[in-house]
Structure formats: C-alpha cells, structure tokens
C-alpha cells in the first residue's frame, strides 16, 4: 500500500495576492509564504522581460537565474552528496505538498506529489508558467548538484495541470 506523506499544516491564500501582500505572512507554512512574496516581484519582472526579449528567452533567463540561486542556497545549507533520495524526503514536511511514496529500494526511489499548494496558488492567480519557473524549475539543477550518481526523472507536474508530479530516481551504473 502506498505511503502518503502530508505537510504539517497548510496555509490559505486569495486570488488577489498578486497585487497585495495581505495574507501572505501566515506562518503556518513559511516556504509557501516566501514563494508568494517572491512572486510579487518575479511576476512583474518576467512580464517586462517578455516584452523586451520575448517570452521564450525571458523564461529561459529567469529559470536559469532562479535555479542557480537555489543551487547556491543548497550549497550554503549543506547536503550529503549522492545520498539516497529517501534521506532528504524525511525532513521535507515543511513543503506544502502531499507525497505518495511508490518505490523505495536501495537502488531506486519514487513518489508522486498528489497535492501541491504551490501549484494551487499559481493556478489561482493565473500564473502557472511563472510558478513552474519559481518552484518546479529548480528540481533538475538541484538534483544534478546533490545526486550526480543518481538518474533523476520527472515527466509531469501539477503546475502543468497533471494529476500528479512524478519524481523518480535510479542509482546510476557508475555508482556501483
């Protein structure tokens, strides 16, 4: 039977929060609150960049910058290189997501995110593409840093409208 991991607490949001910080400081989920506040700055910047250099280039530029900043943050925070993905997930209940673990062996690990307040928030304000840049887009860069000897795959996200995000890891052949 799949194991479901739920966050400690959810926080609410209103669709008008792209224009106001009201309600953005509900500390029941500091990570979601930080993303909400950051979105107030990032969304207008992305929109201006889209006008100047086009949507594709703007999203690529912002996506690289955010992923790079997240990788730098992870380096400062510290991590155990090539640790089993399970180890990191044990302390991740601060993220506002529901995970269903579907594979947990020494050679592989997988879970589906079946509920995601990041996706709910960005979809409620009509900005799932920018939400994907700010949240989903960091996963591949972070995994390249943290687990270079593990193959990481994610083919869909709730932010894109899928029923779940499919996170999968497989230990690389070179890791023996």
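In the numbering used here, the protein residues as written are 155 to 330.
Here a beta-carbon is modelled for each residue, glycine too, at the ideal position from N, C-alpha and C.
- The residues 240, in chain order, have a CB closer than 7 Å to that of residue 258 in the same chain once the five nearest residues on each side in sequence are set aside.
- Selection 307, 286, 291 evaluated against residue 315 yields 286 as nearest (Cα-Cα).
- Rounded to whole angstroms, the gap between the alpha carbons of residue 274 and residue 313 is 8 Å.
- For residue 307, the uninterrupted beta strand (DSSP E) run begins and ends at 304-308, by DSSP.
- Annotation: residue 279 to residue 202 spans about 18 Å, alpha carbon to alpha carbon.
- In the same chain as residue 264, and ignoring 5 residues on each side of it, the C-beta atoms closer than 6 Å to its own belong to 256, 257, 322, in chain order.
- Taking C-alpha positions only, residue 188 is separated from residue 281 by approximately 16 Å.
- Under DSSP, residue 262 forms a beta bridge with 324.
- With fewer than 16 other Cβ atoms inside 10 Å of its own Cβ, residue 195 counts as exposed.
- Taken through DSSP and simplified to helix, strand or coil, residue 281 comes out as coil.
- As far as DSSP is concerned, residue 290 takes part in no beta bridge.
- Exposure of residue 303 is indicated by the presence of fewer than 16 other C-beta atoms within 10 angstroms of its C-beta.
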